[in-house]
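Visitor:
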Amino acid sequence: MTDKAPLKIHDLRPAPGANKAKVRKGRGEASKGKTAGRGTKGSRARTTVPLGFEGGQVPLQRRLPKLKGFSNALFKTTYQVVNLDRLGELFPEGGDVTVETLVAKGAVRKNQLVKVLGTGEISVAVNVQAHAFSAAAKEKIAAAGGSVTEL
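Quick note, the sequence shown lines up with residues 0 to 150 if you use numbering that gives the first Met the number 0.
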């Protein structure tokens, strides 16, 4: 490279000594292997210690008590919730309310169960189809002249 030529990206090189190769330990004594940073002798020098080993002290997973009982949380049915006041905002003229229309309006996510709850008031007649309803929601929808269909 001459002094008069413009500097280009392919002319750049690291400074001499900037990129130093990492010392690979444990690959023979001539290449600085020997104990490879593990110290001398002892179980920790010879092989890996088991996960959770605390040097002979009773480990944490044995000191803590076992959890008693049983949980049905894996089998719980979870619903996406829509309240009546939200239905009133989304459908001001009333009409048919299905899970698909709620998904299209962004009120719920698709492929999940929907439950209608009775928070708020609704003044228009809506024909609601959902997977579940609270008792208050059923009463208020019927009082407004609408109908309820459980899927």
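Ideal placement from N, C-alpha and C gives every residue a C-beta, glycine not left out. Note that the structure is predicted; figures quoted are calculated from it, not measured.
(1) Comparing alpha-carbon positions, which option in Leu11, Ser30, Phe132 and Arg43 lies nearest Gln79?
(2) Alpha carbon to alpha carbon, how far is Gln60 from Arg43?
(3) Could you pull the start and end residues of the alpha helix (DSSP H) that Glu138 belongs to?
(4) Just checking, does the segment 85-92 make contact with the segment 34-48 on the three C-beta pairs under 8 Å criterion?
(5) My understanding is that Val115 touches Ala103, with C-beta atoms under 8 Å, so please give their C-beta distance in whole angstroms.
(6) Beta-carbon within less than 7 Å of Gln111's beta-carbon, same chain only, minus the 5 sequence neighbours each way: which residues are those?
(7) Would you call the CB atoms of Gly93 and Val123 closer than 7 Å?
(8) Does DSSP put Ser30 in a helix, in a strand, or in coil?
(9) Work out the CA separation of Ala20 and Lys31 for me, nearest whole Å.
(10) Quick one: is Ala4 buried, meaning 16 or more other Cβ sit within 10 Å of its Cβ, or exposed?
(11) Please classify Ala141: is it buried, with 16 or more other beta-carbons within 10 angstroms of its beta-carbon, or exposed?
(12) Where DSSP assigns a beta bridge to Gln128, which residues make up the other side?
(13) Is it buried or exposed for Phe90, if we count other Cβ within 10 angstroms and need 16 for buried?
Guide: Looking at the atomic coordinates:
(1) Along the sequence shown, read from residue 1 onward, the residue named residue 79 stands at position 80. Checked all of Leu11, Ser30, Phe132 and Arg43; the closest Cα to Gln79 is Phe132.
(2) Along the sequence shown, read from residue 1 onward, the residue named residue 60 stands at position 61. Along the sequence shown, read from residue 1 onward, the residue named residue 43 stands at position 44. Answer to the nearest angstrom: the Cα atoms are 21 Å apart.
(3) In the sequence shown, the residue the question calls residue 138 occupies position 139. Run containing Glu138: Ala134 to Ala142, per the alpha helix (DSSP H) assignment.
(4) no
(5) Mapped onto the sequence shown, residue 115 falls at position 116. Mapped onto the sequence shown, residue 103 falls at position 104. Incorrect: roughly 17 Å between the Cβ atoms, too far for contact.
(6) Working through the sequence shown from its first residue, we reach residue 111 at position 112. Counting only Cβ-Cβ distances below 7 Å, and skipping sequence neighbours, we find Gln79.
(7) The residue you call residue 93 lines up with position 94 of the sequence shown. The residue you call residue 123 lines up with position 124 of the sequence shown. Their beta carbons are under 7 Å apart, which means Gly93 touches Val123 by this criterion.
(8) Within the sequence shown, the letter at position 31 stands for residue 30. Ser30: helix per DSSP, three-state reduction.
(9) Here the question's residue 31 lines up with position 32 in the sequence shown. Here the question's residue 20 lines up with position 21 in the sequence shown. Near 13 Å, if we compare the C-alpha coordinates of Ala20 and Lys31.
(10) By 1-based counting over the sequence shown, the position of residue 4 is 5. Exposed is the call here.
(11) Residue mapping note: residue 141 aligns to position 142 of the sequence shown, counting from 1. Exposed, by the Cβ-count rule.
(12) Taking the sequence shown and counting its residues from 1, one reaches residue 128 at position 129. According to DSSP, which records beta bridges pairwise, Gln128 is partnered with Thr148.
(13) The residue you call residue 90 lines up with position 91 of the sequence shown. Counting Cβ neighbours within 10 Å, Phe90 comes out buried, since at least 16 surround it.
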